[in-house]
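S.K.: These protein sequence lines are chains A and B, in that order.
Numbering of the first sequence is given in this note's numbering, commencing with residue 1 and proceeding in unit increments.
Numbering of the second sequence is given in this note's numbering, commencing with residue 1 and proceeding in unit increments.
Just so it is clear, CB atoms sit at the ideal spot from N, CA and C, and this is done for glycine as well.
Just so you know, these numbers come straight off a predicted model, no measurement behind them.
Number of protein chains: 2
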Amino acid sequence: MPISLSRLEERLKEMAQIGKNKENGITRLAYTDSDLEARELLSNWIIQIGLDVHIDGVGNIFAKRQGNKNGPVVMIGSHLDTVTNGGAFDGTLGVISALEVLQVLIEDNISDILPVELVVFACEESSRFGCSLVGSKYLTGSLLPEKLETYHDEENTSIISSLQQKGFIYNNTLARTTFIPENVKGFIELHIEQHDTLAKSGLAIGIIENIAAPTRLKIVVTGEAAHSGAAPMFDRKDALAAAAEVILLIEKLGRSEAAAQTVATVTSLKVDPGNMNVIPGTVSMFVDIRSINSFSKKRVLAELKEEIKGICLAREGIKMEINVLSEEEPVNLDKKIIAQIKTACQKIGVPYQFMNSPAGHDCMAMASVVPSGLFFIRNISGVSHNPQEMIDLDDVYIGTQVLYETVRKFSAEGVD
Amino acid sequence: MPISLSRLEERLKEMAQIGKNKENGITRLAYTDSDLEARELLSNWIIQIGLDVHIDGVGNIFAKRQGNKNGPVVMIGSHLDTVTNGGAFDGTLGVISALEVLQVLIEDNISDILPVELVVFACEESSRFGCSLVGSKYLTGSLLPEKLETYHDEENTSIISSLQQKGFIYNNTLARTTFIPENVKGFIELHIEQHDTLAKSGLAIGIIENIAAPTRLKIVVTGEAAHSGAAPMFDRKDALAAAAEVILLIEKLGRSEAAAQTVATVTSLKVDPGNMNVIPGTVSMFVDIRSINSFSKKRVLAELKEEIKGICLAREGIKMEINVLSEEEPVNLDKKIIAQIKTACQKIGVPYQFMNSPAGHDCMAMASVVPSGLFFIRNISGVSHNPQEMIDLDDVYIGTQVLYETVRKFSAEGVD
Numbered sequence: 001m002p003i004s005l006s007r008l009e010e011r012l013k014e015m016a017q018i019g020k021n022k023e024n025g026i027t028r029l030a031y032t033d034s035d036l037e038a039r040e041l042l043s044n045w046i047i048q049i050g051l052d053v054h055i056d057g058v059g060n061i062f063a064k065r066q067g068n069k070n071g072p073v074v075m076i077g078s079h080l081d082t083v084t085n086g087g088a089f090d091g092t093l094g095v096i097s098a099l100e101v102l103q104v105l106i107e108d109n110i111s112d113i114l115p116v117e118l119v120v121f122a123c124e125e126s127s128r129f130g131c132s133l134v135g136s137k138y139l140t141g142s143l144l145p146e147k148l149e150t151y152h153d154e155e156n157t158s159i160i161s162s163l164q165q166k167g168f169i170y171n172n173t174l175a176r177t178t179f180i181p182e183n184v185k186g187f188i189e190l191h192i193e194q195h196d197t198l199a200k201s202g203l204a205i206g207i208i209e210n211i212a213a214p215t216r217l218k219i220v221v222t223g224e225a226a227h228s229g230a231a232p233m234f235d236r237k238d239a240l241a242a243a244a245e246v247i248l249l250i251e252k253l254g255r256s257e258a259a260a261q262t263v264a265t266v267t268s269l270k271v272d273p274g275n276m277n278v279i280p281g282t283v284s285m286f287v288d289i290r291s292i293n294s295f296s297k298k299r300v301l302a303e304l305k306e307e308i309k310g311i312c313l314a315r316e317g318i319k320m321e322i323n324v325l326s327e328e329e330p331v332n333l334d335k336k337i338i339a340q341i342k343t344a345c346q347k348i349g350v351p352y353q354f355m356n357s358p359a360g361h362d363c364m365a366m367a368s369v370v371p372s373g374l375f376f377i378r379n380i381s382g383v384s385h386n387p388q389e390m391i392d393l394d395d396v397y398i399g400t401q402v403l404y405e406t407v408r409k410f411s412a413e414g415v416d
Numbered sequence: 001m002p003i004s005l006s007r008l009e010e011r012l013k014e015m016a017q018i019g020k021n022k023e024n025g026i027t028r029l030a031y032t033d034s035d036l037e038a039r040e041l042l043s044n045w046i047i048q049i050g051l052d053v054h055i056d057g058v059g060n061i062f063a064k065r066q067g068n069k070n071g072p073v074v075m076i077g078s079h080l081d082t083v084t085n086g087g088a089f090d091g092t093l094g095v096i097s098a099l100e101v102l103q104v105l106i107e108d109n110i111s112d113i114l115p116v117e118l119v120v121f122a123c124e125e126s127s128r129f130g131c132s133l134v135g136s137k138y139l140t141g142s143l144l145p146e147k148l149e150t151y152h153d154e155e156n157t158s159i160i161s162s163l164q165q166k167g168f169i170y171n172n173t174l175a176r177t178t179f180i181p182e183n184v185k186g187f188i189e190l191h192i193e194q195h196d197t198l199a200k201s202g203l204a205i206g207i208i209e210n211i212a213a214p215t216r217l218k219i220v221v222t223g224e225a226a227h228s229g230a231a232p233m234f235d236r237k238d239a240l241a242a243a244a245e246v247i248l249l250i251e252k253l254g255r256s257e258a259a260a261q262t263v264a265t266v267t268s269l270k271v272d273p274g275n276m277n278v279i280p281g282t283v284s285m286f287v288d289i290r291s292i293n294s295f296s297k298k299r300v301l302a303e304l305k306e307e308i309k310g311i312c313l314a315r316e317g318i319k320m321e322i323n324v325l326s327e328e329e330p331v332n333l334d335k336k337i338i339a340q341i342k343t344a345c346q347k348i349g350v351p352y353q354f355m356n357s358p359a360g361h362d363c364m365a366m367a368s369v370v371p372s373g374l375f376f377i378r379n380i381s382g383v384s385h386n387p388q389e390m391i392d393l394d395d396v397y398i399g400t401q402v403l404y405e406t407v408r409k410f411s412a413e414g415v416d
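(1) Bridge partners for A:E117 per DSSP, in chain order?
(2) Along the stretch 182 to 208 of chain B, what residues have a CB closer than 7 Å to any CB found in chain A?
(3) Is it a yes or a no for the stretch 287 to 298 of chain A touching the stretch 97 to 117 of chain B, going by three-plus beta-carbon pairs under 8 Å?
(4) Got a sec, what are the start and stop residues for the beta strand (DSSP E) A:G186 sits in?
(5) Looking at chain A, which residues of the stretch 267 to 281 of chain B have a Cβ within less than 7 Å of any of its Cβ atoms?
(6) Going along chain A in order, which residues have a C-beta closer than 7 Å to the C-beta of B:I159?
(7) Between the stretch 342 to 368 of chain A and chain D, which residues of the former have CB atoms less than 8 Å from a CB of the latter, in chain order?
(8) List the residues of chain B that A:R216 touches, going by C-beta distances under 7 Å, in chain order.
(9) For the 8 Å Cβ check, are there 3 or more pairs between the stretch 78 to 95 of chain B and the stretch 196 to 206 of chain B?
(10) Would you call B:F286 buried or exposed, if buried means 16 or more other Cβ atoms sit within 10 Å of its Cβ?
(11) Only counting the same chain, and skipping five residues up and downstream in sequence, which positions put a Cβ closer than 6 Å to that of A:N277?
(12) Out of A:I47, A:N68, A:E40 and A:E155, point me to the one whose CA is closest to A:A122's CA.
(13) Taking Cβ positions, are A:G317 and A:E245 nearer each other than 8 Å?
(14) Any C-beta of chain B sitting closer than 8 Å to the C-beta of A:S224?
(15) Hey, does B:I311 have any beta-carbon neighbour from chain A nearer than 8 Å?
(16) At a Cβ cut of 7 Å, what residues of the stretch 75 to 93 of chain A count as close to chain B, listed as they run along the chain?
(17) I want to verify the contact list: residues of chain B whose CB lies under 8 Å from the CB of A:P232, in sequence order.
(18) Ignoring anything shorter than 4 residues or poking outside the stretch 196 to 234 of chain B, list the alpha helix (DSSP H) runs there in chain order.
(19) Mapping DSSP to helix, strand and coil, what is A:A359?
(20) Answer with yes or no whether the minimum CB distance from A:S284 to chain B is below 8 Å.
(21) Per DSSP, which residues does B:G86 bridge with? Please list them.
(22) Starting from A:G310, trace the alpha helix (DSSP H) in both directions and tell me its first and last residue.
(23) Counting contacts by CB-CB distance shorter than 8 Å, is B:V221 in contact with chain A?
(24) Got a sec: which bits of the stretch 126 to 138 of chain B sit with their beta carbon under 8 Å from any beta carbon on chain A, in order along the chain?
(25) Would B:K254 be called buried (16 or more neighbouring beta carbons within 10 Å of its own) or exposed?
(26) Just how far apart, CA to CA, sit B:L35 and A:E321?
(27) Within the 8 Å Cβ cut-off, does B:V383 reach chain A?
(28) Is any beta-carbon of chain A found at less than 8 Å from that of B:R290?
(29) Throw me the rounded Cβ distance for the B:V271 and A:S111 pair, which I believe falls under 8 Å.
(30) Hey, does A:H152 have any beta-carbon neighbour from chain B nearer than 8 Å?
(31) With a cut-off of 8 Å, does the C-beta of A:G254 fall near any C-beta of chain B?
(32) Taking the alpha carbon of A:A425 as the reference point, which residue from A:F234, A:A231, A:M233 and A:T222 has its own alpha carbon closest?
(33) Against chain B, does A:I318 count as a neighbour if the rule is that its beta carbon must be under 8 Å from one of theirs?
(34) At 8 Å on the CB atoms, spell out the chain A contacts of B:S228, in chain order.
(35) According to DSSP, A:E321 sits in a beta bridge with which residue or residues?
(36) Would DSSP call B:S97 helix, strand or coil?
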């Protein structure tokens with residue numbers, strides 16, 4: 001049986017009904033009822049193709065096809081949770097394509113390959129708990145139980161409480177499945193592109209070489225709240241005016257590192273007290289710096305620290321404090337898997353390009369412990385985390401073919 | 001009985017307990033429980049000195065001493081509401097000094113003067129509803145019922161609903177007391193200075209000649225929300241970076257008009273969506289421009305409109321909309337009352353200076369219908385709308401003396 005486009009299409013459609021709002025946006029925040037409904041539907045599909053469903057303590061779903069050969073497993077998959085008012089393909093496309101690959105391997109009774117396992121990572125998006133890649137980081141050991149316990153949603157519900165509320169059996173010693181990297185040959189993820197690079201270059205597939213990692217800052221600017229009518233222009237300590245210089249500085253620093261594909265953004269800002277008749281006394285800013293080049297990120301941070309001193313010198317009475325909230329390392333993906341995705345594209349005859357991923361994916365956590373690969377499918381809308389996110393069905397077919405060919409080759413390798 | 005400094009001090013202390021937070025800041029936003037508590041305390045003091053309390057439909061409090069002479073009333077007073085985390089003297093000092101003046105007139109049984117009336121204006125600060133001088137504007141007819149109905153706080157509660165929630169009997173035909181300007185001889189207000197002009201010049205009293213008036217704007221900057229990792233630096237529509245240019249532009253325009261004593265401030269800013277991983281799509285800013293020179297204010301606004309076009313031209317995809325929320329005219333105070341305050345200072349032997357008020361006061365609304373005067377007491381901290389706001393007790397005594405002498409003279413004038 002070949003890959004079935006109609007089956008892919010139907011499953012994507014059915015999944016897109018779950019968590020859908022009036023504007024066709026999808027909200028399936030991790031561990032909420034709509035997320036559970038999506039996981040239930042996926043579990044039913046797994047059972048229908050004849051596999052067992054395993055769920056670990058943080059909610060990662062596993063479904064393994066035992067090959068007729070012993071040896072390490074080849075893992076494929078992505079996630080089903082979404083941001084608030086997101087699109088239908090981010091994460092979901094990778095899960096449904098991986099399921100299709102498994103189903104074809106089963107239906108065609110492909111022998112002489114290693115075991116292949118679908119994994120659906122829990123809580124990939126940071127939207128609910130402010131922490132991304134929860135399932136994949138937990139599985140691979142980079143998010144430890146004591147750290148997991150510190151994350152809470154806006155209603156102050158912890159990740160662990162939400163797991164328990166939804167019937168997951170969480171226990172900080174049992175939560176992780178016995179994940180032994182030596183027993184895993186590698187991980188391959190298919191994902192919709194979250195920008196318009198492929199759409200602009202007219203190519204269906206982007207093979208990822210590096211994944212950018214965020215450095216996140218909180219900058220607190222302290223001036224002095226004063227009456228906005230009474231304090232003369234040359235005798236005030238306006239925290240917001242000083243913050244405005246920092247916003248433009250961060251934009252400038254990001255632009256100066258554009259060649260390294262670095263981006264730097266002030267994404268959020270809070271003014272205190274924020275009254276119509278008071279000069280802002282304190283401003284808190286949140287900054288997101290991302291790059292595939294950790295030197296470039298470090299340059300931005302170093303320059304920022306240096307130039308901020310100048311702003312404070314020029315504005316008497318203004319103080320600034322930079323808190324580094326997180327500083328993650330960019331990830332270089334496995335060269336062998338990259339080559340095998342390329343070979344698959346060539347075999348199918350689909351044009352591709354090599355590129356980097358500016359956004360994080362579960363593949364990033366997996367790459368820290370096992371050889372990992374990632375490729376993008378063209379996004380014809382050019383936007384993601386947005387109800388407008390859109391894909392061409394032909395590209396879904398092509399992408400699933402590429403995943404299938406890569407998995408077949410990779411799982412047959414070294415098998416006698 | 002002379003003016004009692006200990007009584008003034010005790011009342012200031014007792015009032016400063018209401019709405020006090022841990023850092024000794026005071027929050028008595030208009031028509032909230034703490035504001036009502038302050039009004040209750042003041043009403044009790046009024047009753048203790050033997051006067052009746054009258055409250056109109058927007059919450060202005062009146063207490064009149066009938067002189068033994070018929071004729072128009074001399075009004076004195078200020079307000080009790082505060083900004084968020086403000087100081088203990090803004091408004092309150094003027095109310096408590098005026099109460100002291102009334103009490104001394106009563107205790108000394110001063111005859112041959114006109115009626116003197118204490119007025120405590122409701123909702124002077126714009127902090128809660130974005131509209132200042134609500135009580136005094138309503139009383140004097142410059143804030144009409146249909147306009148009053150349009151103001152709401154952050155929780156979308158209207159001024160009228162908050163009045164009704166707190167038991168005020170609001171009725172758009174009955175709310176205003178019968179305020180007939182012909183029956184009012186004039187209004188005199190004592191207020192703490194909100195900057196450090198007097199402290200720097202070493203003088204206790206500043207006699208105000210003109211009051212600056214605010215022009216208030218809401219500027220909405222629209223860009224496009226996008227993934228802060230995926231959108232390259234040169235292909236994004238960052239509303240916050242564009243807003244930062246506007247903040248610095250407004251500061252520059254204020255500085256360029258410093259000779260006209262004009263000030264221009266972005267006092268508050270809201271970022272949407274404000275998530276750590278999303279480029280800001282929309283920014284709303286609130287701008288406060290003040291001057292005693294209306295031409296200078298108009299120049300700032302005209303320049304702002306012009307230069308904003310340039311920012312939008314340079315940042316493709318960014319749109320900005322300026323909404324003028326209010327545009328008030330600067331006020332010249334009554335020359336005769338100015339002269340009488342000066343005479344009072346000379347009689348007491350306290351050094352004074354003439355100056356302008358950069359901030360608005362209830363006196364401004366009163367001046368539109370009756371002869372009005374205003375004088376400042378030295379602020380030793382130099383800041384207001386800030387928990388650090390501070391006054392020297394000697395100056396409280398001196399200021400109350402000046403108010404008393406001015407009122408005595410003004411209320412005896414033309415009385416046979």
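M.R.: On the basis of the supplied data:
(1) Start at 1 with the first residue of the first sequence, and residue 117 of chain A comes out as number 117. Bridge partners of A:E117: A:K64 and A:M75.
(2) Answer set for the stretch 182 to 208 of chain B: Q194 and H195.
(3) Too few Cβ pairs lie closer than 8 Å, so no.
(4) Position 186 of the first sequence, counting from 1, holds the residue named residue 186 of chain A. Element bounds for A:G186: V184 to I192.
(5) Contacts with chain A (Cβ-Cβ distance below 7 Å) from the stretch 267 to 281 of chain B involve T267, S268, L269, V271, G274, N275, M276, N277, V278, I279 and P280, listed in chain order.
(6) As a working note, residue 159 of chain B is residue 159 in the second sequence. Ordered by position in chain A, no residue passes the 7 Å Cβ test against B:I159, which lies about 15 Å from the chain.
(7) Included in the structure are the protein chains A and B, with no chain D among them.
(8) Position 216 of the first sequence, counting from 1, holds the residue named residue 216 of chain A. Neighbours of A:R216 in chain B, taken as residues whose beta carbon is under 7 Å from its own, are M276 in chain order.
(9) Look at the beta carbons and you see the stretch 78 to 95 of chain B not touching the stretch 196 to 206 of chain B: under three pairs across the two are nearer than 8 Å.
(10) By one-based count along the second sequence, residue 286 of chain B stands at place 286. Classification for B:F286: buried.
(11) Your numbering for residue 277 of chain A matches position 277 in the first sequence. The answer, listed in chain order, is S228.
(12) In the first sequence, residue 122 of chain A corresponds to position 122, counting from 1. Ranking the options by Cα distance to A:A122, first place goes to A:E40.
(13) For the purposes of this step, residue 317 of chain A is taken as residue 317 along the first sequence, with counting starting at 1. For the purposes of this step, residue 245 of chain A is taken as residue 245 along the first sequence, with counting starting at 1. No; because the gap between Cβ atoms is not below 8 Å, this pair is not in contact.
(14) Within the first sequence, the letter at position 224 stands for residue 224 of chain A. Note that residue 224 of chain A corresponds to Glu in the displayed sequence, not to Ser. Yes, because at least one Cβ of chain B sits closer than 8 Å to the Cβ of A:E224.
(15) Against the second sequence, residue 311 of chain B aligns to sequence position 311. So, not an interface residue.
(16) Those would be none; no residue qualifies.
(17) Looking up residue 232 of chain A in the first sequence gives position 232. Neighbours of A:P232 on chain B, chain order: H195, A258, Q261, V263 and P358.
(18) You should have 197 to 201.
(19) Here residue 359 of chain A refers to the residue found at position 359 when the first sequence is read from its first residue. Coil, per DSSP.
(20) Working through the first sequence from its first residue, we reach residue 284 of chain A at position 284. A:S284 is outside the set of residues whose beta carbon lies under 8 Å from a beta carbon in chain B.
(21) For the purposes of this step, residue 86 of chain B is taken as the residue at position 86 of the second sequence. BP columns for B:G86 point to B:I26.
(22) As a first step, residue 310 of chain A must be located in the first sequence, where it is residue number 310. Its alpha helix (DSSP H) spans residues S294 to A314.
(23) Sequence index remark: in the second sequence, residue 221 of chain B carries index 221 (1-based). So, not an interface residue.
(24) For the stretch 126 to 138 of chain B, the set of residues with a beta-carbon nearer than 8 Å to any beta-carbon of chain A comprises S126, S127, G130 and S132, in chain order.
(25) In the second sequence, the residue the question calls residue 254 of chain B occupies position 254. Per the sequence shown, the amino acid found at residue 254 of chain B is Gly instead of Lys. Under this definition B:G254 is a buried residue.
(26) Looking up residue 35 of chain B in the second sequence gives position 35. Looking up residue 321 of chain A in the first sequence gives position 321. Just to set this straight, residue 35 of chain B is Asp in the shown sequence, not Leu. The straight-line gap separating the alpha-carbon atoms of B:D35 and A:E321 is approximately 36 Å.
(27) Along the second sequence, read from residue 1 onward, the residue named residue 383 of chain B stands at position 383. By this cut-off, B:V383 is an interface position.
(28) If you number the second sequence from 1, residue 290 of chain B lands on position 290. The C-beta of B:R290 comes closer than 8 Å to at least one C-beta of chain A.
(29) Here residue 271 of chain B is taken as the residue at index 271 of the second sequence, counted from 1. Here residue 111 of chain A is taken as the residue at index 111 of the first sequence, counted from 1. Taking C-beta atoms under 8 Å as the contact rule, B:V271 and A:S111 fail to qualify, at a distance of about 57 Å.
(30) Indexing the first sequence from 1 puts residue 152 of chain A at position 152. By this cut-off, A:H152 is not an interface position.
(31) Along the first sequence, one-based indexing puts residue 254 of chain A at 254. Closer than 8 Å to some Cβ of chain B, the Cβ of A:G254 qualifies, so yes.
(32) No answer is possible for residue 425 of chain A: it lies beyond the span of chain A, which begins at 1 and ends at 416.
(33) Looking up residue 318 of chain A in the first sequence gives position 318. False, the Cβ-Cβ gap to chain B never drops below 8 Å.
(34) Within the second sequence, numbered from 1, the residue matching residue 228 of chain B stands at position 228. Under the 8 Å cutoff, chain A gives V263, T265, T267, D288 and R290.
(35) Taking the first sequence and counting its residues from 1, one reaches residue 321 of chain A at position 321. Under DSSP, A:E321 takes part in a beta bridge, and its partners are A:V220.
(36) The residue given as residue 97 of chain B occupies position 97 in the second sequence. Judged by DSSP in its simplified three-state form, B:S97 adopts helix.
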